[in-house]
Structure formats: structure tokens, C-alpha cells
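Step one of this worksheet: look at the structure below.
There are 4 protein chains.
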Amino acid sequence: MPDLVRVSLAIDKPLLARLERIMAASGYTNRSEFIRDVVREQMVQRDWQEDREALATITVLFKHDQRGLCDKLTDLQHHHHKEILFTSHVHLDEERCAEVLVLRGRPSRLSHIADELKKQKGVLHAALSVSSTGRRIP
Amino acid sequence: MPDLVRVSLAIDKPLLARLERIMAASGYTNRSEFIRDVVREQMVQRDWQEDREALATITVLFKHDQRGLCDKLTDLQHHHHKEILFTSHVHLDEERCAEVLVLRGRPSRLSHIADELKKQKGVLHAALSVSSTGRRIP
Amino acid sequence: MPDLVRVSLAIDKPLLARLERIMAASGYTNRSEFIRDVVREQMVQRDWQEDREALATITVLFKHDQRGLCDKLTDLQHHHHKEILFTSHVHLDEERCAEVLVLRGRPSRLSHIADELKKQKGVLHAALSVSSTGRRIP
Amino acid sequence: MPDLVRVSLAIDKPLLARLERIMAASGYTNRSEFIRDVVREQMVQRDWQEDREALATITVLFKHDQRGLCDKLTDLQHHHHKEILFTSHVHLDEERCAEVLVLRGRPSRLSHIADELKKQKGVLHAALSVSSTGRRIP
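Chains as they are written, first to last, in this note's numbering: chain W, 1 to 138; chain S, 139 to 276; chain R, 277 to 414; chain C, 415 to 552.
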């Protein structure tokens, strides 16, 4: 990690004690790494709320035997090829599939794509995860 | 703030720069206070997930003219008088009221109370907030 | 409930069976009431995302002995008297208080008020709940 | 969709009107499909809270040049090979990678895996999405 600096943090003893119990419970051995991770989590949430470019996954759960659905999903995805980096597929059981789309773009746009997929007949669920491209959480 | 100690935090420059931009945007002038608040937020969420005693509000939105509802809500609340610290009431318009319950107890129990209130006919919504008694976030 | 209409809902048997198990577990005895509540919950979330007038609570947890804090909190609240309908207060222990603000206004504004309260020194946490005035979830 | 049944839903006119405006805004043309999707969303959330087998993704954002990190991530993943169905990888820029894990298992276990990945030095973020295998939302 280049360009590491040290800053001083004032903290009252009881809060520090609780922080260290949480760190231990989570398996962190380095206090700075723990605090940096907590701060980064806030940054990812903030970027999402402010609609700044993000990385996301959409997990689409569907019944592959719904007539015309596979074609429809493919069409829809091509319409959003700029945001969709790639997709992966898993056959869950006889009836059901999950397709995981990995996307990059503005959160409002990514949410819209998730909604469009979800409303198709035969699609049971579409789950959106909120991540970051890392540009804004260095 | 008694028993204040200073700890050193290693952080890479770009992350620190972003942290300071966020602080400024939120109006924080003290870096330590900002980091303490971010850490406390994690603690409140963690206590809630681990079902440890919490402070909460339940905001119940209802139509006061629904027959028998006021009696029913009062009965239910008395049944949970150990968790309910007090309630406040606001007349929203001709038809609708909101009652805000302030509660203290285990999150699983508080969620159950919110569910019980919500399922009554005439209750339009019950919103639960997640806070802390402060014992565990000193 | 005036102006009640009946609409027909097509649903596959396995989904209906699961829905009825959930209803039973939650203590609902009326299927229509259960579905109406699920739909209303979506409406409240949607209004919040679209920044439409909402009802909310902010639970502020603080240390009353922090110098100047009570005055500061009172000043801040008067600055937002248009949104704050009323407040209630609970003495949690020797050291800590919780103040519950009940507010009405645009979500972006209510979030801003919560942030402003949270950043004060001596304020340990500020929790925002998301509810509705009922106008848009009839 | 086999075994389709029709159930009757009582709903007051203003709520139905709002529901239809939301449907139109979301692009749904079929009222039953909209209500089924809203109900399914509740089921996925409920299964997750009750720690029942789920499908999830974990998006791990990391700096590939952090010494030893790739090996460490691979080791960790092998330790959880029972839950991890497969992984995909994307090179975000010169410095950063994202690895998307698709998993199946109990939510408490999947959350634990996400935490373990996140705490590694060089991992900037780990985002967990909440989906379903579809078994319980038929």
C-alpha cells in the first residue's frame, strides 16, 4: 500500500474497548484495517445514494421452461450491453436457473435494469447487490 | 468526554483525501468525531443483528374510524407494557393518526410487536427504527 | 373501509400454499389484508426513494452532560420547526438521554436533519425511521 | 405456469388506484404478476432472516498487487468450496479486480464468508446480495 500516512484518532476508552471486542470477534488483527473497512463501507453506500458509477450484480432467478423467456431475457440484456460486463449461469434444479449479471454504471440505471428483468413472466426474483468500481474508494 | 485516549491510524493518502471530502460534505469539522460516529453506527447494527437489548420506535399509521381498532391497539400495547416506555400521538388529517411507540428490549421481541400491530385491520403501516440504549456504544 | 372492490388474482398453487403458511406464521387471518399490507409496504419504500412527503422519526441518543449540547440540539430543532411536529424525551440512565423527533417532510430534508443532529459532539447515534403520512397509501 | 388458481382480493378503490399507477410506472401490464412479485420479494427476505438455504453473490473488490492476497483468497475459497458454486472475475483497471462468487447455503454462513473475505488486507469491499434458490418461492 503506497503513500501510507498516520493520523491520530481521539477515542474514549470504553468505545475503544468495545471496538476491540468487535474486531476480535470479526477476526481482524489490525485496527487500522478495521477502521478503513468501516469507512469504505460508508463510501460505497454514499456513492450509491448519490448515483455515481458503481459495480453491481443482478441475480435473476427464473423458470427456464417459461415460453419465450430465454429469448426475452437475451434481448433485454443486449439492449443494456453497455452496462453488462458479463453474465454467468447456474442450473439450480430441473426447473430453475439463476443468471448472474455483472454490471458497471449509474445506480439508477442498474436498478432500472433489475426492475425490467424482474417484471418478466417466469422471472421469480431479481436481486441487486451494491458494490464499487474502487475508483472512489481508493 | 472522560478517559480520552489517542490511537494512531494508518491510512493511504487517497483514502484519507476521500474521507476528508465526505467529512466536509457532511459538515463534520473533527475527523475523530466522524470516525467514531461511523464506528458507532456499525455497533448499533451489530447489536441489532445479535438480538441484544436495543432502543426502538414503532410508528403506527392507522385510520381512527376503523371500528374497534383504538381499543385493540390499546389492549395490545398493554400486553407489551414491559417493552413500551411511552407513546405519543399525532392527528395527521381527518381520517388518519400516527402513534409513535418508544420501546426498549430485544430486537426479536420489538419486531414481533411491530408485526402484531401491523396486521390489525385499519393499520396501514408500522415502521420500526433501530437505535441503541447506548450501553453498548459508550 | 368504504368503496371496497374485489379483484381476481391468478396465482399458482405452490406459491399460494407458501403465502398461506407465511400468513399463518404472522398471525394474519385475512388473505386480502395480508396482501394489502405487503403492497402498502412497497408504496412507503417507493415514496421514500422518490423523495415524496413522508412521516418519520429520528431517535437521537446523547450524553446530556456534554457541555452546550442541549442548547445546540434545541437551536438546531428550532431551525427545522417546520418539519418537526413534536418531540418526546426519555432519560435512559444517569448519563444518557434519547430524544424522539416526529417529523413530516421530504425524505431528503429529513435525512439531512438526522445527519446534522448526529454530527454534534456528545450525540452517539441518530436513527431515522421511514413511514408515511398515509396520503399516498390510502 | 401449471396449477394456476384464482383467488379473490378485497381492496379499497383508492389503494387499487395507487397500485395501478405504480404498476404502470414499473412497466407491469399484468396485475397478478405484479402482486405475485411483491409477495415473492417478502418471501426471499423472510427466508434470509430465518436463515434458510439461499442463493447469494459476494462481489469482492481488491487490489491484485497486494502481496500474497490472490493466494489467500484462493485458499479461503477452497475452504468454503461446499457453498461456492463458481466464481467469475473482472479486471477493473490497472490496479483493481472484482471477483464475483455465486454461493448456495445458509445466510449466516454466507455472511461469515463475506466477512472473512472483507477483512483481508488489500480487499476494499465485499458486497453480499440476497437471493433465493427458488425452492421456497415456487
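Beta carbons: idealized from backbone N, C-alpha and C, even for Gly.
Rounded to the nearest angstrom, what separates residue i and residue j at their Cα positions?
{"i": "C:E509", "j": "C:K477", "result": "6 Å"}
{"i": "C:C484", "j": "R:R294", "result": "43 Å"}
{"i": "R:D369", "j": "S:P276", "result": "12 Å"}
{"i": "S:H219", "j": "C:K496", "result": "46 Å"}
{"i": "W:D51", "j": "W:S108", "result": "6 Å"}
{"i": "R:I287", "j": "C:R450", "result": "7 Å"}
{"i": "S:G272", "j": "S:Q258", "result": "32 Å"}
{"i": "W:E182", "j": "C:L429", "result": "Beyond the ends of chain W as shown, which are 1 and 138, falls residue 182 of chain W; an answer cannot be given."}
{"i": "S:S249", "j": "S:Q187", "result": "12 Å"}
{"i": "S:A252", "j": "C:H493", "result": "40 Å"}
{"i": "S:G165", "j": "S:V176", "result": "14 Å"}
{"i": "R:S405", "j": "R:T335", "result": "8 Å"}
{"i": "C:R384", "j": "W:A127", "result": "An answer regarding residue 384 of chain C cannot be provided, because it is not within the stretch 415 to 552 covered by chain C."}
{"i": "W:S88", "j": "C:S502", "result": "8 Å"}
{"i": "S:Q180", "j": "C:K427", "result": "43 Å"}
{"i": "C:R460", "j": "S:R184", "result": "19 Å"}
{"i": "R:H367", "j": "S:H229", "result": "26 Å"}
If you count every other CB in all the chains shown that lies within 10 Å of the CB of residue i, and 16 or more means buried, which is it?
{"i": "S:R144", "result": "exposed"}
{"i": "S:L142", "result": "exposed"}
{"i": "R:T350", "result": "exposed"}
{"i": "W:F86", "result": "exposed"}
{"i": "W:T29", "result": "exposed"}
{"i": "R:S284", "result": "exposed"}
{"i": "W:R40", "result": "buried"}
{"i": "W:G105", "result": "buried"}
{"i": "R:K394", "result": "buried"}
{"i": "S:A163", "result": "exposed"}
Between which residues of its own chain and residue i is the CB-CB distance below 6 Å, once the five residues before and five after are set aside?
{"i": "S:L199", "result": "A236, L262, H263"}
Quick one: residues in its chain with C-beta nearer than 8 Å to the C-beta of residue i, no 5 flanking neighbours on either side, listed in chain order?
{"i": "W:S131", "result": "V44, A54, L55, A56, T57"}
Keeping to the same chain, check which residues put their C-beta closer than 7 Å to that of residue i; ignore five residues upstream and five downstream.
{"i": "W:M23", "result": "R31, F34"}
{"i": "R:K348", "result": "Q396"}
{"i": "W:G122", "result": "F62, K63, Q66, L69"}
{"i": "W:I84", "result": "Q77, L101, L103"}
{"i": "C:E530", "result": "L490"}
Quick one: does the C-beta of residue i sit closer than 6 Å to a heavy atom of the ligand MG?
{"i": "C:T547", "result": "In the structure shown, the ligand MG is absent, as is every other ligand, since no ligand is present at all."}
| message | To be precise: take each residue of the stretch 105-119 of chain W, compare its Cβ to all Cβ atoms of chain C, and keep it if any distance is under 8 Å. Which residues remain? | response | Residues D115, E116, K118, K119.
| When Cβ atoms are compared, which residues of the stretch 417-449 of chain C fall closer than 8 Å to chain W? | S440, G441, Y442, N444, E447, F448
| query | Of the residues that make up the stretch 333-345 of chain R, which ones have a beta carbon closer than 7 Å to any beta carbon in chain C? | reply | For the stretch 333-345 of chain R, which is checked against every Cβ of chain C, not one residue is closer than 7 Å.
| field | Members of the stretch 536-552 of chain C that neighbour chain W once the beta carbon cut-off is set at 9 Å | value | The stretch 536-552 of chain C vs chain W, Cβ under 9 Å: G536, V537, L538, H539, A540, A541, L542, S543, V544, S545, S546, T547, G548, R549, I551, P552.
| message | So if I threshold CB-CB distances at 8 Å, which residues from the stretch 75-87 of chain W count as touching chain C? | response | L85, F86
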